[in-house]
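Have a look at the structure below, then the notes.
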Amino acid sequence: MTDQYIVKKCLLEIFKKNGYAEVDRLTQRDFDHISQRIEDNTGTLISGITIKRLLNGEFSRLPQIATLDAISRYLGYHNWQEYKALFRDKEENQLAKEDTIDTENPVQKASSLTNKRFRLAVVMYLVIGVTAVLGFIQFSGKKPFANVNRATFSARTNTNNDIPNTVVFTYNVDEVQADSFFIQQSWDKNRRVRISKNNYTLTDIYYEPGYHIAKLIANDSVIQTIDINIPTDRWFFFAKDNPSSKPDYIYPDQIVHDGMLSIIEADLLNSHIDIHKEKEYLYTYFPGKMHVDGDNYVLKTKIRVKEVKKNSCPYLMPEIFCQRYTMFFTSTPKGCSSESMVQFGEHFISGKETDLASLGFDVTQWMDLEVRVKDKQAVIRINNKDVFATSYKTTSKLLTGIGFVSNGLCEIDFIELKGLNGDIVYTNNFDNRF
Numbered sequence: 000m001t002d003q004y005i006v007k008k009c010l011l012e013i014f015k016k017n018g019y020a021e022v023d024r025l026t027q028r029d030f031d032h033i034s035q036r037i038e039d040n041t042g043t044l045i046s047g048i049t050i051k052r053l054l055n056g057e058f059s060r061l062p063q064i065a066t067l068d069a070i071s072r073y074l075g076y077h078n079w080q081e082y083k084a085l086f087r088d089k090e091e092n093q094l095a096k097e098d099t100i101d102t103e104n105p106v107q108k109a110s111s112l113t114n115k116r117f118r119l120a121v122v123m124y125l126v127i128g129v130t131a132v133l134g135f136i137q138f139s140g141k142k143p144f145a146n147v148n149r150a151t152f153s154a155r156t157n158t159n160n161d162i163p164n165t166v167v168f169t170y171n172v173d174e175v176q177a178d179s180f181f182i183q184q185s186w187d188k189n190r191r192v193r194i195s196k197n198n199y200t201l202t203d204i205y206y207e208p209g210y211h212i213a214k215l216i217a218n219d220s221v222i223q224t225i226d227i228n229i230p231t232d233r234w235f236f237f238a239k240d241n242p243s244s245k246p247d248y249i250y251p252d253q254i255v256h257d258g259m260l261s262i263i264e265a266d267l268l269n270s271h272i273d274i275h276k277e278k279e280y281l282y283t284y285f286p287g288k289m290h291v292d293g294d295n296y297v298l299k300t301k302i303r304v305k306e307v308k309k310n311s312c313p314y315l316m317p318e319i320f321c322q323r324y325t326m327f328f329t330s331t332p333k334g335c336s337s338e339s340m341v342q343f344g345e346h347f348i349s350g351k352e353t354d355l356a357s358l359g360f361d362v363t364q365w366m367d368l369e370v371r372v373k374d375k376q377a378v379i380r381i382n383n384k385d386v387f388a389t390s391y392k393t394t395s396k397l398l399t400g401i402g403f404v405s406n407g408l409c410e411i412d413f414i415e416l417k418g419l420n421g422d423i424v425y426t427n428n429f430d431n432r433f
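Be aware that the sequence shown starts at 0, since it is given in numbering that gives the first Met the number 0, and climbs by one per residue.
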């Protein structure tokens with residue numbers, strides 16, 4: 000029983016805990032979601048790409064102990080050594096049960112007893128050895144993150160309301176004791192840049208509008224965070240091959256057609272977008288001013304999707320962006336509801352583990368959508384009917400923007416996003432060209 004085998008079993012438990020039954024059908028977005036769940040739960044950052052590599056056994060050496068401890072703590076264990084010892088013990092107990100199948104055979108009984116004693120001795124020696132190592136680390140006086148409170152971290156943007164936007168990070172980690180340092184500019188674990196001591200400036204580019212939390216990381220632990228706001232104060236359109244890819248910007252001649260917010264196929268062609276390739280199209284609006292509570296608001300819209308490339312599962316995902324969480328849900332034909340997702344606050348729900356057929360709809364037809372959140376209680380309405388309700392616990396702070404994601408082009412007849420106190424974030428019926 001190798002350590003690689005135990006790592007894979009540990010990750011399989013994590014995916015199972017999050018409702019993923021068929022690991023051979025996981026997408027990169029699923030791995031990134033598990034990455035975010037582990038970080039939220041343990042404070043340790045493990046990229047989705049790393050999780051995929053570990054789950055597939057694509058490593059010859061064990062990862063850092065901080066990574067192993069994080070996946071173990073996520074399952075409720077104190078550390079990796081406790082998980083590994085108890086996992087081996089559980090396997091030994093299972094083998095012991097198998098050893099008692101033929102208890103009438105005295106030779107088999109003696110062999111079984113010898114094997115059990117040997118395996119239990121191995122486990123005990125492992126536990127004793129690990130305890131000794133941990134004891135040495137604890138009393139050696141070397142702390143992995145000494146002087147963390149002396150680190151500094153700040154940022155400023157180079158432009159206002161323009162995309163892309165260069166952000167200048169200023170940092171100082173000279174007195175922090177750690178093996179490696181990184182700055183991660185957003186939720187995307189792939190956007191990590193290694194930094195070093197005796198350097199104090201890093202510039203990086205934000206290719207999408209939004210509200211981000213940049214992180215200063217020592218080894219695999221986040222030691223400071225700062226908020227980065229990249230507003231547009233106008234509708235901004237782009238296409239992506241997948242959630243982690245760089246955006247292809249769409250530059251429409253006009254964004255209102257026949258009283259609807261919409262872009263057309265000609266806009267894609269003029270922007271050199273390959274319409275024969277499967278893509279997701281994003282419409283986003285991020286005002287510079289934020290003043291509405293993200294835990295008490297209502298979004299109303301009338302919308303439909305016009306397909307660009309024929310797809311058996313067309314989908315529509317309205318997104319409400321907040322300072323701390325993105326809230327969204329996916330509507331798609333009922334036969335495709337396994338691919339649906341819902342998130343409000345920290346509460347993520349996958350259609351693979353929950354029946355989300357109530358969100359199913361032919362998104363190529365007009366839909367009246369409403370999302371109402373009151374005191375962290377969320378209700379989704381489609382065509383004036385309550386179809387889904389959930390709740391969350393962690394505050395989302397202020398609303399920062401709105402967006403629509405689809406594998407087709409959205410046509411929007413009306414949008415209103417406002418606080419329950421009546422404060423308006425955005426409202427438009429698109430009767431006038433602009």
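Where is the CB? At the ideal position from N, CA and C, for every residue including glycine. Please read all numbers here as calculations on a predicted model, not as lab measurements.
I263 in three-state terms, based on DSSP | coil
Scan the stretch 52-90 and note each continuous alpha helix (DSSP H) run of 4 residues or more that stays entirely inside, going in chain order.
-> Fully enclosed alpha helix (DSSP H) runs of 4 or longer: 64-73.
Could you tell me which residues DSSP pairs with D385 in its beta bridges?
-> R380
Could you tell me whether the stretch 320-330 touches the stretch 199-212, using the rule of 3 or more Cβ pairs below 8 Å?
-> Yes, since at least three Cβ pairs between the stretch 320-330 and the stretch 199-212 fall closer than 8 Å, the two stretches touch.
Taking the C-alpha atoms as reference points, what is the distance between R87 and E12?
-> 15 Å
Cβ neighbours of L355 in the same chain (closer than 6 Å, five flanking residues each side left out) = Excluding residues within five positions, the ones whose Cβ falls inside 6 Å are S336 and S339.
Cα-Cα separation, L298 to R371 | 6 Å
Comparing alpha-carbon positions, which option in W234, I263, Q183 and K196 lies nearest T224?
-> The option with the nearest alpha carbon to T224 is Q183.
D430: CB within 7 Å of a non-hydrogen atom of the ligand NAD | Ligands displayed in this structure: none; no statement on the ligand NAD is therefore possible.
Please name the residue in P242, S270 and M259 whose C-alpha comes closest to that of P251.
-> Here the closest residue by C-alpha is S270.
By Cβ distance below 8 Å, which residues in the same chain neighbour I204 in space, the five residues on each side in sequence not counted?
-> P163, N164, T165 and V166
Assuming L281 contacts V147 under a Cβ cut-off of 8 Å, what Cβ separation, rounded to an integer in Å, is found between them?
-> Not a contact, Cβ separation roughly 37 Å.
Identify the continuous alpha helix (DSSP H) that holds C454 and give its terminal residues.
-> Past the boundaries of the shown model lies residue 454; the chain is included only from 0 to 433, so the question cannot be answered.
For E415, I'd like the list of residues in its chain whose CB is within less than 6 Å of its CB, leaving aside the five on either flank, ordered along the chain.
-> Closer than 6 Å at Cβ, skipping near neighbours: K299 and T426.
8 Å Cβ cutoff, Y206 in contact with chain D = Structure shown: chain D not included; a single protein chain is present.
Output the boundary residues of the beta strand (DSSP E) element that contains V167.
-> N164 to N171
What number of angstroms, rounded off, separates the C-alpha of Q35 from the C-alpha of I229?
-> 22 Å
From what residue to what residue does the beta strand (DSSP E) around F470 run?
-> This structure does not reach residue 470, given that the chain is present from 0 up to 433, and the question cannot be answered.
Nearest to E345 (by Cα), restricted to the options I37, E21, L85 and L25 | I37
Measuring alpha carbon to alpha carbon, tell me which of G258, I5, L44 and P313 ends up nearest K301.
-> Comparing Cα-Cα distances from K301 to each of G258, I5, L44 and P313, the minimum goes to G258.
Could you tell me the boundaries of the beta strand (DSSP E) in which V6 lies?
-> Careful: V6 lies outside any beta strand (DSSP E), inside the alpha helix (DSSP H) at D2 to K16.
How should T130 be labelled, buried or exposed, when 16 other C-beta atoms within 10 angstroms of its C-beta is the threshold for buried?
-> Its pLDDT being 46, under 50, T130 is placed unreliably by the model, and nothing is read from it.
Assigned secondary structure, E352 (DSSP; H/G/I helix, E/B strand, else coil) | coil
Proximal residues to M316 (C-beta, below 6 Å), its chain only, five neighbours per side dropped | F327, T329 and V404
For the stretch 58-69 against the stretch 376-393, are there 3 or more C-beta pairs whose distance is under 8 Å?
-> Per the Cβ contact rule, the stretch 58-69 is not in contact with the stretch 376-393 (fewer than 3 Cβ pairs under 8 Å).
Would you mind reading off the limits of the alpha helix (DSSP H) that contains Q35?
-> Q27 to T41
Smallest Cα separation from K288: which of Y82, L53, G407 and T399?
-> T399
Which stretch, first to last residue, makes up the beta strand (DSSP E) that contains G258?
-> Counting along the chain, G258 falls outside any beta strand (DSSP E), and DSSP gives it neither H nor E.
Could you tell me which of T158, T394, N241 and Q176 sits nearest to T149, measuring between CA atoms?
-> The sequence shown places Arg at residue 149, not Thr. That would be Q176, whose Cα lies nearest to the Cα of R149.
Range of the contiguous beta strand (DSSP E) that encloses D367 = M366 to K373
D247 lies in the beta strand (DSSP E); which residues open and close that run?
-> D247 to I249
Buried or exposed: which applies to D29, given that a residue is buried once 16 or more other Cβ atoms fall within 10 Å of its Cβ?
-> buried
8 Å Cβ cutoff met for S395 and D294 | yes
So, are the CB atoms of S261 and I411 less than 8 Å apart?
-> yes
Among L267, S220, F285 and N78, which one has its Cα closest to the Cα of F235?
-> F285
Could you give the C-beta distance for K308 and E279, rounded to a whole number, given that I count them as a contact under 8 Å?
-> No, K308 and E279 are not in contact; Cβ-Cβ is about 11 Å, not under 8 Å.
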